[in-house]
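Written out below as structure tokens is the structure these notes cover.
Number of protein chains: 2
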Amino acid sequence: MAPPPLQENPVGALNPLPQVLLLRHPAQFALINKPLPDHLCHLLKPWESPLPFDQFVLAHAQSARALLASGGMPVTADLIRMLPELRLVVTTSAGLNHIDLAECRRRGIAVADSGGVYSEDVADVAVGLLLDVWRRVSAADRYVRAGRWARDGDFPLGFKIGGKRVGIVGLGRIGMEVAKRLEALGCIISYNSRKERPSVSYPFYSNVRDLASNSNALVICCGLTDETLHMINKEVMLALGKDGVIVNIGRGAIIDEREMVQLLVRGELGGAGMDVFENEPNVPKELIELDNVVMTPHNSVFTPESFSDLCELVVGNLEAFFSNRPLLSPVSLE
Amino acid sequence: MAPPPLQENPVGALNPLPQVLLLRHPAQFALINKPLPDHLCHLLKPWESPLPFDQFVLAHAQSARALLASGGMPVTADLIRMLPELRLVVTTSAGLNHIDLAECRRRGIAVADSGGVYSEDVADVAVGLLLDVWRRVSAADRYVRAGRWARDGDFPLGFKIGGKRVGIVGLGRIGMEVAKRLEALGCIISYNSRKERPSVSYPFYSNVRDLASNSNALVICCGLTDETLHMINKEVMLALGKDGVIVNIGRGAIIDEREMVQLLVRGELGGAGMDVFENEPNVPKELIELDNVVMTPHNSVFTPESFSDLCELVVGNLEAFFSNRPLLSPVSLE
Chain W
1 MAPPPLQENP
11 VGALNPLPQV
21 LLLRHPAQFA
31 LINKPLPDHL
41 CHLLKPWESP
51 LPFDQFVLAH
61 AQSARALLAS
71 GGMPVTADLI
81 RMLPELRLVV
91 TTSAGLNHID
101 LAECRRRGIA
111 VADSGGVYSE
121 DVADVAVGLL
131 LDVWRRVSAA
141 DRYVRAGRWA
151 RDGDFPLGFK
161 IGGKRVGIVG
171 LGRIGMEVAK
181 RLEALGCIIS
191 YNSRKERPSV
201 SYPFYSNVRD
211 LASNSNALVI
221 CCGLTDETLH
231 MINKEVMLAL
241 GKDGVIVNIG
251 RGAIIDEREM
261 VQLLVRGELG
271 GAGMDVFENE
281 PNVPKELIEL
291 DNVVMTPHNS
301 VFTPESFSDL
311 CELVVGNLEA
321 FFSNRPLLSP
331 VSLE
Chain V
1001 MAPPPLQENP
1011 VGALNPLPQV
1021 LLLRHPAQFA
1031 LINKPLPDHL
1041 CHLLKPWESP
1051 LPFDQFVLAH
1061 AQSARALLAS
1071 GGMPVTADLI
1081 RMLPELRLVV
1091 TTSAGLNHID
1101 LAECRRRGIA
1111 VADSGGVYSE
1121 DVADVAVGLL
1131 LDVWRRVSAA
1141 DRYVRAGRWA
1151 RDGDFPLGFK
1161 IGGKRVGIVG
1171 LGRIGMEVAK
1181 RLEALGCIIS
1191 YNSRKERPSV
1201 SYPFYSNVRD
1211 LASNSNALVI
1221 CCGLTDETLH
1231 MINKEVMLAL
1241 GKDGVIVNIG
1251 RGAIIDEREM
1261 VQLLVRGELG
1271 GAGMDVFENE
1281 PNVPKELIEL
1291 DNVVMTPHNS
1301 VFTPESFSDL
1311 CELVVGNLEA
1321 FFSNRPLLSP
1331 VSLE
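Put into structure tokens, the structure is as follows:
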């Protein structure tokens, strides 16, 4: 293996650049043709090496001080243990469920996330999915494209948005942006969260089943953790009821997807708008037949604007870390 | 023809019920199984008669005092002239372009419209269409349903909503509701209208082409009149530009549809969300191939809630008229 190039590094000394292990080429940089920050650090790219991944990692185990992670590529305890010099994990994703945070905490490894760069875009898609399910936009578009308007006449009624009670599950940055948008649409907001937020006036439900009983729709905005895995179970969905709608822009496994599919097929749940699934990129085939379901391919953050912001944030976090300044978007590991 | 039944009428006298001519069974009553107001007036239903329409109308020409109109069934000067006793036209539609308002004014015939009962629902669909075009919701749903996510990988990027400049064409009740929703999504609003609204702080453009030049999207919220027919012409659409989006929830003929189709096909216009078309229920076949177009079948008012409100408003207008009280939703014919 060639030694890393010598050049002036961010702290001004003529030292080897710090080494950063990438798990894959981050999609956000690739999709907007943004160059990776080679000027700042020596990037270790296992996908360009003939070595198998584990051997590649072992070969750089003593030098990789930071790791750039993406959603879908797990940062397991095993991987972390292979990297004794690791001090920082930066992730390009909004969720953190792919990172073993407990192991990072144990090892004193700092974690930086995507901060708020995706919140508005994700909230926009959450609202778009809910609007679409209730007002049947995608289904109506299919109807028109299939030539059925001229042949079969008026399309069936949808549901009015104004006055609907929407329960937000997880009132973080994204949840707050969703709430703001839905208020402008005349919806009545309440929420469930790990704890009540004293600065927020929306009614709080400590129990997600109670929130479902009192809502026409749930919008899942929380992260996936041991506590939220399958939190939206059959009981919660039955409490939401046969006219109830679920929108999920969090992570697929927060919902018991198998149960959700059965309830939708049997008409015991009113509809669903899904950007995330349990077994991506595969979606349950039963959903493909349903007109009261809208599915997007986990692309709620897919805008050039948020990708550009994310790339800047990643570079900023690496710069800060290698210059011993505070991270721009640190994750609290308490 | 049997004489109308005698019963106690709204003003308490035992007189024949006033006669109201319907052009067709109003869809709003039919779709929510709401009974027509037979208790209030004698309803003349040409579709139940063996007589051709014109003969039916002539047979009731001396008795029909009010007419219940629906969008798509024109109330022409010829029809109005056949009805010398006509004093009121009530329409179930948000638009008035199917009624010869000049002839009504000449004859002193009052007109009642749908008031504000549809405004929120129409605005919701306008915002849903714009969100859908920019964030590609329907196209993404098609991608997932076709199994392409697993096969072809990530879906292309959409466009961020926040920070986009949206020009509202026609800042009436519906336009104001659209503006409110888009502000919550972080859009920057300006508008064109017949005249500047002093109570509104959004920038006003007296010329729709200038509005287009300064906007990322136009949302058409005005009514169809002689002045607005093909107001959105090639020049306006070229000013909007190849990344510009048009949403139309007004009337199809406000846009020069043939030009719009050509600009979309050639990539000289960025996208379109259309609830209305020039030749409904037919849509230009070129649009069916385009992923940057979302089409709904003129159903932006199709919710049980707004139909129920509309039915109450129609009955209320007839009651008011036959009791010599002011109409609930009079149209100014000045």
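As they're listed, the protein sequences go chains W and V.
With our numbering as the guide, the letters of the first sequence map in order to residues 1 to 334.
With our numbering as the guide, the letters of the second sequence map in order to residues 1001 to 1334.
Positions of the beta carbon are idealized from the N, C-alpha and C atoms, including for glycine.
When 7 Å is used as the limit between beta carbons, S1138(V) is near these residues of chain W: V137, S138 and D141, in chain order. The C-beta separation of N1233(V) from E1268(V) comes to about 13 Å, leaving the pair out of contact by the 8 Å criterion. It is roughly 30 Å from the alpha-carbon of E312(W) to the alpha-carbon of A1150(V). With the criterion set as a beta carbon lying under 7 Å from some beta carbon of chain V, the members of the region 142-156 of chain W are Y143, V144, R145, W149, A150, D154 and F155, in sequence order.
DSSP, reduced to helix, strand and coil, places R1266(V) outside both helices and strands of the structure shown, so it counts as coil. Inclusion of V75(W) and I109(W) in the CB contact set at 7 Å is not warranted, their separation being larger than that value. In the structure shown, the three-state DSSP call for R65(W) is strand. Listed in chain order, the non-local C-beta contacts of R1024(V) below 7 Å within the same chain comprise W1047, S1070 and M1073, local neighbours out to five positions each way being set aside.
Look at F159(W): its C-beta is under 7 Å from a C-beta on chain V.
Contact check for S1300(V) against I1249(V) passes: the beta carbons are separated by less than 7 Å. D1226(V) and G1095(V) have their alpha carbons spaced roughly 13 Å apart.
Counting only residues of its own chain and dropping the five nearest sequence neighbours on each side, L88(W) has a CB closer than 6 Å to the CB of A66, A110 and F321.
A direct Cα-to-Cα measurement between S1213(V) and S332(W) gives close to 46 Å. When rounded, the separation of the alpha-carbon atoms in A1123(V) and G1223(V) is 14 Å.
Pairing D1291(V) with L1157(V), the inter-Cα distance amounts to about 13 Å. With 16 or more neighbouring CB atoms inside 10 Å of its own CB, F1029(V) falls in the buried class. Contacts with chain V at 7 Å (Cβ-Cβ) include P281(W). Scanning V1236(V), T1296(V) and V1265(V) for the CA closest to the CA of E1280(V) turns up T1296(V). Taken in chain order, the complete beta strand (DSSP E) segments of 3 or more residues contained in the region 1225-1307 of chain V are 1245-1248, 1271-1274 and 1293-1295.
Listed in chain order, the non-local C-beta contacts of P1304(V) below 6 Å within the same chain comprise I1032, local neighbours out to five positions each way being set aside. Cβ contact annotation for D1132(V) (same chain, cutoff 8 Å, sequence separation greater than five): S1138, G1273 and V1294, in chain order. By alpha-carbon distance to D54(W), the top candidate from K34(W), P37(W), L22(W) and D38(W) is L22(W). Contacts between I288(W) and chain V, judged by CB atoms closer than 7 Å, involve R1145 in chain order. Contact between V1261(V) and E1286(V) holds, with the beta-carbon distance rounding to 5 Å and staying under 8 Å.
An exposed status is given to D243(W), since fewer than 16 other beta-carbon atoms sit within 10 Å of its beta-carbon. Per DSSP, I32(W) is not a residue of any alpha helix (DSSP H), being assigned neither H nor E. The criterion of a C-beta distance shorter than 7 Å is satisfied by N317(W) and V90(W). DSSP lists V169(W) and N248(W) as the beta-bridge partner residues of I220(W).
Using a 10 angstroms sphere on the CB of K1160(V), the tally of other CB atoms reaches 16 or more, which defines it as buried.
The beta carbon of M1176(V) does not come within 7 Å of any beta carbon belonging to chain W, so the residue lies off that interface. For the pair L211(W) and G252(W), the CB atoms are not nearer than the 7 Å cut-off. Its chain contains F277, E278 and P284 as the residues whose beta carbon lies nearer than 7 Å to that of E257(W), once the 5 sequence neighbours on both sides are disregarded; these appear in chain order.
Here I189(W) is near Y202(W), since their CB atoms are less than 7 Å apart. Chain-order list of chain W residues neighbouring M1295(V): A140, D141, V144 and R145, by C-beta distance under 8 Å.
The Cβ of P1304(V) sits closer than 7 Å to at least one Cβ of chain W.
Runs of the beta strand (DSSP E) lying entirely within the region 1175-1211 of chain V, each at least 3 residues long, are 1188-1192 in chain order.
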